[in-house]
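Worksheet: one structure, shown below.
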Amino acid sequence: MYRIAILASLFALPALAETAPVTYTVEDSFENVAFAVESAIVGAGLVVDHVSHTGEMLERTRGDVGSDTVIFTQADIFSFCSASISRQVMEADIANVQHCPYGIFVYETPGAPGTITVGHRAYDGSMAPVGDLLKSIVTEAIGAE
């Protein structure tokens with residue numbers, strides 16, 4: 000039985016390929032954009048579960064892992080969930096539980112100071128409502144359409 004599951008998972012590997020994230024860029028300070036993203040999440044009636052300070056972690060551990068490359072000036076990931084949209088997408092496909100919580104990332108790179116990238120994973124199919132939610136939050140935060 001385990002061999003069948005392993006064999007089936009090997010054939011599923013091409014389906015696991017990640018799609019490119021949805022990204023937007025804006026000219027502003029990292030602090031302003033990160034605040035706008037958090038405010039847009041809260042403004043949508045949601046609660047930020049966690050802010051991962053990924054840029055700080057990577058910088059703090061850069062020497063420990065033997066790297067001299069500065070990847071980000073700053074980078075944060077906001078994690079949150081929506082009870083109503085999560086229920087909708089999980090009723091459509093129970094395996095969509097794997098995507099919760101949802102995340103919006105914000106980063107600035109040393110090569111482009113003042114240019115802030117904001118984005119999220121691309122979702123379609125039964126997860127399209129989550130993609131719509133994330134897009135609405137990001138476009139609200141950065142004033143895009």
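For the sequence shown, counting from 1, position 106 maps to 105 in numbering that gives the first Met the number 0; every step adds exactly one. We treat Cβ as the ideally placed atom computed from N, Cα and C, and that holds for glycine.
Just to check my reading of the structure: residue i and residue j have Cβ atoms closer than 8 Å, yes? What is that Cβ distance to the nearest angstrom?
i, j, result
"V145", "Y23", "This structure gives no information on residue 145, because the portion of the chain shown stretches from 0 to 144."
"V21", "G113", "Not really, about 21 Å apart at Cβ, beyond 8 Å."
"I141", "A33", "The pair is not a contact, with the Cβ atoms about 11 Å apart (cut-off 8 Å)."
I'd like to know whether the C-beta atoms of residue i and residue j end up nearer to each other than 8 Å.
i, j, result
"S135", "V88", "no"
"I115", "F77", "no"
"T108", "T53", "no"
"C99", "S85", "yes"
"E55", "V69", "no"
"V47", "E37", "yes"
Looking at the secondary structure, which residues open and close the beta strand (DSSP E) in which residue i lies?
i, result
"D123", "Unbroken run through D123: none, as it is neither H nor E."
"I103", "101–107"
"I76", "73–80"
"V69", "No beta strand (DSSP E) contains V69, which DSSP labels as neither H nor E."
"T22", "21–26"
Measuring straight from C-alpha to C-alpha, what distance separates residue i and residue j?
i, j, result
"S66", "V25", "29 Å"
"R120", "D92", "18 Å"
"L133", "Y106", "16 Å"
"A39", "E139", "6 Å"
"A143", "G62", "38 Å"
"A19", "G110", "21 Å"
"G42", "E90", "26 Å"
"N31", "V64", "31 Å"
"S8", "D27", "Residue confidence for S8 is low, a pLDDT of 47 falling below 50, so the modelled location carries little weight; the figure read from the coordinates is stated next. Taking the straight line joining both Cα atoms gives about 44 Å."
Tell me the residue span of the alpha helix (DSSP H) that contains residue i.
i, result
"F34", "29–42"
"T53", "53–59"
Using the beta-carbon count (16 or more within 10 Å), is residue i buried or exposed?
i, result
"S81", "buried"
"F29", "buried"
"D75", "buried"
"G44", "exposed"
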